[in-house]
Amino acid sequence: MADPTDTRGVSEVVGFILVFSLVLGTITLVYASGISGLDNTRDAERITNAERAFDVLANNFQQMARGEAPNRATEMKLAEAQLSTSTEREVNISADGVDPADANSSSSTIRYNPGTDTSIVYENGAVIRVDNGNAVMLEEPDFLFDNGTVVIRYIELKGGGQSIGGTSTTVLVRAERTSSDVLVNNGSSPEDIVIKMQTHEDRAGVWEEYYEEQIAAANSSWAGNCGNTSVGGSDAVIECDSFNADKLAVSKVQIGVELT
Numbered sequence: 049m050a051d052p053t054d055t056r057g058v059s060e061v062v063g064f065i066l067v068f069s070l071v072l073g074t075i076t077l078v079y080a081s082g083i084s085g086l087d088n089t090r091d092a093e094r095i096t097n098a099e100r101a102f103d104v105l106a107n108n109f110q111q112m113a114r115g116e117a118p119n120r121a122t123e124m125k126l127a128e129a130q131l132s133t134s135t136e137r138e139v140n141i142s143a144d145g146v147d148p149a150d151a152n153s154s155s156s157t158i159r160y161n162p163g164t165d166t167s168i169v170y171e172n173g174a175v176i177r178v179d180n181g182n183a184v185m186l187e188e189p190d191f192l193f194d195n196g197t198v199v200i201r202y203i204e205l206k207g208g209g210q211s212i213g214g215t216s217t218t219v220l221v222r223a224e225r226t227s228s229d230v231l232v233n234n235g236s237s238p239e240d241i242v243i244k245m246q247t248h249e250d251r252a253g254v255w256e257e258y259y260e261e262q263i264a265a266a267n268s269s270w271a272g273n274c275g276n277t278s279v280g281g282s283d284a285v286i287e288c289d290s291f292n293a294d295k296l297a298v299s300k301v302q303i304g305v306e307l308t
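Read in the numbering used here, the sequence shown has 250 at position 202, and its numbers run on one by one without any break.
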C-alpha cells in the first residue's frame, strides 16, 4: 500500500513542469529574437540594395544630361517596397539681368519607400536618404561651384504620379531625354545671385547645408546662409542669401520617366 506521505511523485511532476516551462520560454525568446534580428537584417539589406540602385540611376541620368546617351533603363528590386514619382516641385535662380522665369525648372522626384521609417529619394540630381526625418545626401548633383564660377545643370524629370509596388518584385525605370536647353550663360560677373528651391521639409536641411557649402566655394567672401519656409502641407521653400560670381551658366535637360 502506497505511503500517503510520499511526495516524490508530485515533486517529479512539478519539476518536469518547471523544466518544460523554462525550456519552452527559452525557445520562445530565442525564436522571437531571431525573427526580429532576421527582419532587421533583411530591411538593412533591402535599403543597401536600393542605395546601389539609386546610385546607378543617378549616374544614368547624368550620362543622359551630358549627351552621352539618349535613353537608359535602371532595374530596381522592390520586394515589399514601393517606388513612386512625385508631383513637380520648382527650383529657380535669379540675378541682376537674369529673370527667375528664364532659369526655372519644375521636376518630379523618384522615391523608394520600403514601408519603414527610411526612404531614398532622387531629387534635382541628388540622391538623399531619410531616416526618421533625418536626411543625408548620398550623391550630390552634377553642379559646379568653384572659385567664381557657378554652373548648374537641371535634370528635369517628367512623369509624376506613378507608383509601383506590392506584388511587383522588380521595376524598370525607363528614361528618355526629350530636350536640352541653355537657360543662362552670363560671363560678365553677375551679381545678387539668389537660389530658391522647393522640396519636402524632411530634405530641406540637407539641401541648405549643400548650397551653403557650395556657394562658399564659389565666393569665399560670402557670409550669408540658406533658410527655409513652410509653404503648406509637408513642403518647404529654401532660399539662400544673394552672392556674386564671375560666371553663371544654367542649363536644363528634360527627361521623361516611366515606371514599368
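All C-beta atoms, glycine included, are put in the ideal place defined by N, C-alpha and C.
Return the bridge partner residues of residue i from the DSSP annotation.
i	result
G173	Paired residues: none, contrary to the question.
A143	V146
D283	H248
R360	Given a span of 49 to 308 for the chain in the structure shown, any question on residue 360 remains unanswerable.
Measure the C-alpha to C-alpha separation of residue i and residue j and round it to an integer number of angstroms.
i	j	result
R159	S153	19 Å
D194	G115	23 Å
C274	S228	29 Å
E171	S69	55 Å
D147	I241	11 Å
L316	A149	An answer regarding residue 316 cannot be provided, because it is not within the stretch 49 to 308 covered by the chain.
V67	G181	47 Å
N97	I65	47 Å
Going by beta-carbon coordinates alone, are residue i and residue j separated by less than 8 Å?
i	j	result
S290	A284	no
A223	V169	no
I176	V254	yes
T133	L307	yes
D190	Q111	no
L126	T217	yes
G173	I203	yes
N276	I286	yes
Locate the beta strand (DSSP E) running through residue i, then write down its first and last residues.
i	result
G304	K295 to L307
E325	Residue 325 is absent from the structure shown; the chain starts at 49 and stops at 308.
E123	N119 to K125
G275	C274 to S278
Any heavy atom of the ligand MG inside 7 Å of the beta-carbon of residue i?
i	result
Y160	The ligand MG is not part of this structure, which contains no ligands at all.
Which full runs of the beta strand (DSSP E) of 3+ residues lie inside the region 189 to 239, going along the chain?
192 to 194, 197 to 206, 211 to 213 and 218 to 234
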